[in-house]
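Working notes, structure below.
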Amino acid sequence: MRRTPVPPVLVVVAHGSRDPRHAATVHALVRRVRSLRPGLRVETGFLDFNLPSVQGVLESLAAEGDVRDVVALPLLLTRAFHAKADIPAVLRKAPARLRIRQAEVLGPSPLLLSALERRLYEAGLTPADKSSTGVVLASAGSTDPEAIAVIADIAREWRHTGWCAVRPAFASASLPRTEDAVGELRALGCARVAVAPYVLAPGFLPDRIARGAAQADVLADVLGPAPEVARVLLERYDAARMPMLSALGA
Numbered sequence: 503m504r505r506t507p508v509p510p511v512l513v514v515v516a517h518g519s520r521d522p523r524h525a526a527t528v529h530a531l532v533r534r535v536r537s538l539r540p541g542l543r544v545e546t547g548f549l550d551f552n553l554p555s556v557q558g559v560l561e562s563l564a565a566e567g568d569v570r571d572v573v574a575l576p577l578l579l580t581r582a583f584h585a586k587a588d589i590p591a592v593l594r595k596a597p598a599r600l601r602i603r604q605a606e607v608l609g610p611s612p613l614l615l616s617a618l619e620r621r622l623y624e625a626g627l628t629p630a631d632k633s634s635t636g637v638v639l640a641s642a643g644s645t646d647p648e649a650i651a652v653i654a655d656i657a658r659e660w661r662h663t664g665w666c667a668v669r670p671a672f673a674s675a676s677l678p679r680t681e682d683a684v685g686e687l688r689a690l691g692c693a694r695v696a697v698a699p700y701v702l703a704p705g706f707l708p709d710r711i712a713r714g715a716a717q718a719d720v721l722a723d724v725l726g727p728a729p730e731v732a733r734v735l736l737e738r739y740d741a742a743r744m745p746m747l748s749a750l751g752a
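For the sequence shown, the numbering used here gives the first residue as 503, with consecutive numbering after it.
Here's what the structure looks like:
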């Protein structure tokens, strides 16, 4: 009988942080992913600050002997330095017996826009408020022009769903800052201003976003373990694993 190939292990690659809220949020998201697909093995590795490290997870998988295929999924919203350089460098050091495919980053995705709106509604807005509310799409920031352009594109796309206006903002590396975008939306005449952090987990830069939202009417929570985010992880996993299964004749 022909054996059914074992699905590749999903290794979620998180950045890591000295802030314990970061790892706790990552683990909560991974638990939600597991709940959506119980038969899938999901492991978590961190690039820095937290354990287990990505390298440690890969070495442990290789040592088991029966794991060959791995999808390494960057827990990142934009394709910037970590996705282009840091993660590939770590994966190149993985044990040779593992076949590893790096999945695409999470954003952009319509599901992430849905998650952003979920967080805004949980913070007190309603769909009826959209046309009178300006939103600051507040991201961590990057020196990568591609990543910055993606955030601007997401803001433009989100504006077309009915908000009074949407402006991008950045906690580091780029401008404008959150507080400046809040002021711009006030000047535009939006009846209320909301800040939607386009970040996955709490930490230093999300805290800076929160401080910049002091003059806003509404501050949403980070995306965290929102069900839409978990679904995006599985979408990226499936897209990465299909070529691997095809090569195995599945």
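Here a beta-carbon is modelled for each residue, glycine too, at the ideal position from N, C-alpha and C. Just so we're clear, the structure is a prediction, and the values are computed from it rather than from any experiment.
| task | Sort Thr680, Arg733, Asp719 by Cα distance to Leu538 and report the nearest one. | result | Arg733
Checklist entry - Pro670 bridges to which residues according to DSSP? => result Leu639
In the structure shown, what three-state DSSP assignment does Pro510 receive? coil
> For Ser641, does the count of other Cβ atoms within 10 angstroms reach 16, so buried, or fall short, so exposed?
Replying inline: buried
(request) Tell me whether Arg504 sits in a helix, a strand or coil according to DSSP, three-state version. (result) Unreliable placement is indicated for Arg504, whose pLDDT of 48 sits below 50; the coordinate value is still reported in the next sentence. Here Arg504 sits in coil by DSSP.
Query - Boundaries (first-last residue) of the beta strand (DSSP E) holding Pro699 - result: 694 to 699
**Item:** Which listed residue (Val569, Arg570, Ala585, Asp568) has its alpha carbon closest to that of Pro754
**Value:** As shown, the chain starts at 503 and ends at 752. That puts residue 754 outside it, with no answer to give.
- Task: With distances taken Cα to Cα, identify the nearest neighbour of Pro704 among Gly726, Asp719, Leu687.
- Result: Gly726
Query raised in the report: Hey, would you say Leu542 sits closer than 9 Å to Tyr739, going by beta carbons?
Result: yes
Requested in this report: Grab me the residues of Asp723's own chain with a C-beta within less than 6 Å of its C-beta, minus the 5 sequence neighbours each way, in chain order.
Outcome: Arg621
Inset, instruction - Compute the beta-carbon to beta-carbon distance between Gly643 and Ala673, rounded to the nearest angstrom, for a pair I have assumed lies under 8 Å. - result: 5 Å
**Message:** Need the endpoints of the alpha helix (DSSP H) that Val528 sits in, please.
**Reply:** 522 to 538
Review point. Under three-state DSSP, which class holds Asp631?
Key: helix
Query - Rounded separation between Gly609 and Lys595 - CA only - result: 26 Å
*asked:* Per DSSP, what are the beta-bridge partners of Ala718 in this structure?
replied: Answer by DSSP bridge pairing: none, since Ala718 is not bridged.
If you run the structure through DSSP and keep just helix, strand and coil, what is Phe583? helix
* To do: Taking Arg594 as part of the alpha helix (DSSP H), name the residues at either end of that continuous run.
  => 589 to 594
From Asp588 to Leu578, what does the alpha carbon distance come to, in whole angstroms? 12 Å
Nearest residue (CA-CA) to Val592, options Arg570, Val720, Leu560: Leu560
Notebook entry, point to check: How long is the line joining the alpha carbons of Arg669 and Leu600, rounded to whole angstroms?
Noted result: 43 Å
_Integer-rounded CB distance, given that Gly636 should sit under 8 Å from Val695_ = 5 Å
Q. In or out: Arg658 buried (at least 16 other Cβ within 10 Å) or exposed?
A. exposed
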